[in-house]
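Reading through the structure tokens given below for one structure.
Numbering (this note's numbering), first residue to last: 26 to 617.
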């Protein structure tokens, strides 16, 4: 770490060298949890004793936290945008000659990290403008001369194209230049809208304190905080937004008896949109929500329904129906009428909706059994269970028949923790720890896991209230599912962070709405701050501010590819040429 290492050690963000330092790094999180648990135990033993450790925080002061989070997002994005513009403005050897003398606009943008997926989004959005078609289902700039089909979903391409069109209409720039401007602001603007929208919704349904912590987590959780990079368009941020909003309406519906079905329908629609934008990201979340729902039924066992009737089972069928309907609509929107009938389930497909309906039926029957209820007809229950199992089994059967891996299919992007230039890449986090030790990046990634501890404690504490405990149980399911995937794939730490934001909102609301002592609430906020600060430190663009003139390897490669593409364009015959190049370089050469 060079000269910054002693300072990081002193601040507790990096372990000292040697065996003792590694032991301290392992024991520090355990000591944090033990200290908070001790405070909780003392407060529980004497709940009537007034505990005055600080003046009461005014309720309205929580409003400033989302504003500070948005300011942090704006500041980090501004630094990175400045860096992209600086690198993109560097002239190369291709600037001379007839290409440099040409007055026609040429692509300039150097993608941070030289991500091939970002070039694909730019190339396909440009093709969408050129052909006038909203859906891009086939490209011919790869695998010449035949090209290949495209499975990527359209929503992010529409978002990028909409911003480019607004920029074109407002500034009069060529569409190509407007597209590059849109690429700089598409993900940061989406990030800001996600943070502001989440803060507003959580404040409405769960209170100002929950909104403050949720917005702070969105801005500080690492690697989620660097998933919305300027100048590197990618649909990862849209998929992560869907992960968060797949859970939040469910938590609102648990405690909203009057409009419970409505909120479950909204949550199903949000998960259906998540399936549209990324099957591999959303399916584990849907499964995790169901598992959390079964735990919520266990929490609610013994609680009768209205007028002493049967137990109130959450409307999981409504949730599944809403998700299945959006899934079918998304499939038709993408493939109707000329691309229907494929069994490839690596993208959104009606079979996901069918399996979802079966999952909703099994959840309803399982929750009824767990809560001590009895079905009206055992024969009908057995028939519905068989139909539900067959609906779920249809999905793996289609994967087997089509000889594809479905949602298990992956690419090299799952080996990257972030899309930052020279970011951490490995098969899993354990391999990173073995190679680098408990570095600041590792600590910033791992420390938020500690926040699940108080959630477990509240889940088992009956005095917290039935509604908040059920909400925590449902939110816990996607968190644990994402954590399980994150142990094997680095990229899933982003999904874990997205699901964790919803859990933090549920825990904060439970502490501030229940009979919990004030010390409980403050200890929770202190633990959250200790877990989030290292991630915020890592999210700040240090490399862009330390030496603005030095170039990292991906930036040099991007400048070389831009110059090579212009040289090829200058020397190609009138009919164009075909270039044999690696898949990562093909999209860049075609774009430039």
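Just so you know, even glycine gets a beta-carbon here, dropped at the ideal spot from N, CA and C.
Predicted, not measured: the structure shown is a model, and the values here were computed from it.
Quick test of the definition: if touching needs 3 or more C-beta pairs under 8 Å, does the stretch 340–353 touch the stretch 361–371? no
My assumption, with CB atoms under 8 Å, is that residue 489 sits in contact with residue 483. Please give the rounded CB distance. Here residue 489 corresponds to residue number 464 of the chain shown, with the count starting at 1. Here residue 483 corresponds to residue number 458 of the chain shown, with the count starting at 1. The Cβ separation is near 5 Å, so the contact holds.
Bridge partners of residue 450, per DSSP? Working through the chain shown from its first residue, we reach residue 450 at position 425. DSSP lists 441 as partners of residue 450.
Looking at residue 469: is its Cβ nearer than 9 Å to the Cβ of residue 562? To locate residue 469, count along the chain shown from 1; it is residue 444. To locate residue 562, count along the chain shown from 1; it is residue 537. Cβ atoms of residue 469 and residue 562: closer than 9 Å.
Kindly indicate which residue of 301, 388, 260 has the alpha-carbon position closest to the one of residue 323. Here residue 323 refers to the residue found at position 298 when the chain shown is read from its first residue. When only C-alpha atoms are compared, the closest one is 388.
Residue 343 by DSSP, collapsed to three states: which one? The sequence position of residue 343 within the chain shown is 318, counting from 1. Residue state, collapsed to three classes: helix.
Go through its chain and collect everything with a Cβ distance to residue 383's Cβ below 6 Å, but skip five positions before and after it. For the purposes of this step, residue 383 is taken as the residue at position 358 of the chain shown. Cβ neighbours of residue 383 beyond the five flanking positions: 413, 416, 417.
Considering only C-alpha positions, which residue in the set 606, 575, 576, 574 is nearest to residue 589? Translated into positions along the chain shown, residue 589 becomes position 564. Taking only the C-alpha atoms, the option nearest residue 589 is 606.
For residue 334, count neighbouring Cβ atoms within 10 angstroms of its own Cβ and tell me buried if that reaches 16, exposed if not. Counting from one through the chain shown, the residue named residue 334 turns up at place 309. With a pLDDT of 47 at residue 334, under the threshold of 50, the predicted position of this residue should be treated as unreliable, though the coordinate-derived value follows. With fewer than 16 Cβ atoms within 10 Å of its Cβ, residue 334 is classed as exposed.
Go ahead and label residue 499 buried or exposed: buried means 16 or more other beta carbons lie within 10 angstroms of its beta carbon, across all protein chains shown. Indexing the chain shown from 1 puts residue 499 at position 474. It is buried - the Cβ of residue 499 has at least 16 other Cβ atoms within 10 Å.
Please state whether the Cβ-Cβ distance between residue 615 and residue 247 is less than 9 Å. On the chain shown, residue 615 is found 590 positions in, with the first residue counted as 1. On the chain shown, residue 247 is found 222 positions in, with the first residue counted as 1. Going by C-beta atoms, residue 615 is not nearer than 9 Å to residue 247.
Kindly indicate which three-state DSSP category residue 369 falls into: helix, strand or coil? Here residue 369 corresponds to residue number 344 of the chain shown, with the count starting at 1. Looking at residue 369 - three-state DSSP - the assignment turns out to be coil, as it is neither helix nor strand.
Tell me whether residue 139 is buried or exposed, calling it buried when 16 or more other Cβ atoms sit within 10 Å of its Cβ. Within the chain shown, residue 139 is the residue found at index 114, counting from 1. Its Cβ being crowded by 16 or more others within 10 Å, residue 139 is buried.
Those runs of the alpha helix (DSSP H) which lie wholly inside the stretch 473–502 and span at least 4 residues: 477–485
What whole-angstrom Cβ distance do residue 281 and residue 288 have, given they're in contact under 8 Å? Here residue 281 refers to the residue found at position 256 when the chain shown is read from its first residue. Here residue 288 refers to the residue found at position 263 when the chain shown is read from its first residue. With 8 Å as the limit, residue 281 and residue 288 qualify as a contact, their Cβ atoms being about 6 Å apart.
From what residue to what residue does the alpha helix (DSSP H) around residue 226 run? Within the chain shown, residue 226 is the residue found at index 201, counting from 1. Its alpha helix (DSSP H) spans residues 200–231.
Residue 472 versus 400, 524, 556, residue with shortest Cα-Cα distance: Walking along the chain shown from the start, residue 472 turns up at place 447. Per the Cα distances, 556.
Would you identify the three-state DSSP class for residue 260, choosing helix, strand or coil? Position 235 of the chain shown holds residue 260. DSSP places residue 260 in coil when its eight states are reduced to three.
Range covered by the alpha helix (DSSP H) that runs through residue 560: By one-based count along the chain shown, residue 560 stands at place 535. Element bounds for residue 560: 543–564.
Backbone secondary structure at residue 148 - three-state DSSP: If you number the chain shown from 1, residue 148 lands on position 123. Looking at residue 148 - three-state DSSP - the assignment turns out to be helix.
Helix, strand or coil at residue 395 [DSSP, three-state]: Position 370 of the chain shown, counting from 1, holds the residue named residue 395. Three-state result, residue 395: helix.
Near residue 517, which residues of its chain fall below 7 Å by C-beta distance, leaving aside the five closest residues on each side in sequence? One-based indexing of the chain shown puts residue 517 at position 492. These residues qualify, in order along the chain: 507, 510, 511.
In terms of residues, what are the limits of the alpha helix (DSSP H) holding residue 185? By 1-based counting over the chain shown, the position of residue 185 is 160. Segment 180–196, the alpha helix (DSSP H) holding residue 185.
State the CB to CB distance for the pair residue 537 and residue 234, rounded to an integer number of angstroms; the pair is presumed to be in contact (CB under 8 Å). In the chain shown, the residue the question calls residue 537 occupies position 512. In the chain shown, the residue the question calls residue 234 occupies position 209. Going by Cβ atoms, the distance from residue 537 to residue 234 rounds to 5 Å, so yes, they are a contact pair.
Could you please give me the residues that DSSP links to residue 585 through a beta bridge? As a first step, residue 585 must be located in the chain shown, where it is residue number 560. None, per the DSSP bridge assignment.
Determine, using beta carbons only, whether residue 189 and residue 207 come nearer to each other than 9 Å. Taking the chain shown and counting its residues from 1, the one referred to as residue 189 is at position 164. Taking the chain shown and counting its residues from 1, the one referred to as residue 207 is at position 182. Yes, Cβ-Cβ distance for residue 189 and residue 207 is below 9 Å.
Residue 136, DSSP secondary structure in three states: Taking the chain shown and counting its residues from 1, the one referred to as residue 136 is at position 111. Residue state, collapsed to three classes: coil.
Inter-residue Cα distance where the pair is residue 50 and residue 110: Looking up residue 50 in the chain shown gives position 25. Looking up residue 110 in the chain shown gives position 85. Low per-residue confidence applies at residue 50: pLDDT is 40, beneath 50, and the placement is therefore not dependable, though the value from the model is reported in the following sentence. Using only the alpha carbons, I get a separation of about 39 Å.
If you pair each beta-carbon of the stretch 513–528 with each one of the stretch 246–260, do three or more pairs fall below 8 Å? yes
Cβ-Cβ distance between residue 320 and residue 446 below 9 Å: Counting from one through the chain shown, the residue named residue 320 turns up at place 295. Counting from one through the chain shown, the residue named residue 446 turns up at place 421. Taking 9 Å as the Cβ cut-off, residue 320 and residue 446 do not qualify as a contacting pair.
Would you mind reading off the limits of the alpha helix (DSSP H) that contains residue 165? Against the chain shown, residue 165 aligns to sequence position 140. Per DSSP, residue 165 belongs to no alpha helix (DSSP H) and is neither H nor E.
Where residue 173 falls: helix, strand or coil (DSSP): Along the chain shown, one-based indexing puts residue 173 at 148. In this structure, residue 173 counts as strand in the three-state DSSP scheme.
Is residue 249 helix, strand or coil when you go by DSSP? Your numbering for residue 249 matches position 224 in the chain shown. Residue 249 falls in the helix class under three-state DSSP.
Residue interval of the alpha helix (DSSP H) (run including residue 289): What you label residue 289 is simply residue 264 of the chain shown in a count that begins at 1. Counting along the chain, the alpha helix (DSSP H) containing residue 289 begins and ends at 285–302.
Less than 8 Å between the CB atoms is what I'm expecting for residue 177 and residue 159, so what's the real figure, rounded? Against the chain shown, residue 177 aligns to sequence position 152. Against the chain shown, residue 159 aligns to sequence position 134. Not confirmed; about 13 Å, so no contact.
Is residue 342 near residue 396, with beta carbons less than 9 Å apart? Your numbering for residue 342 matches position 317 in the chain shown. Your numbering for residue 396 matches position 371 in the chain shown. Not in contact: residue 342 and residue 396 (Cβ atoms no closer than 9 Å).
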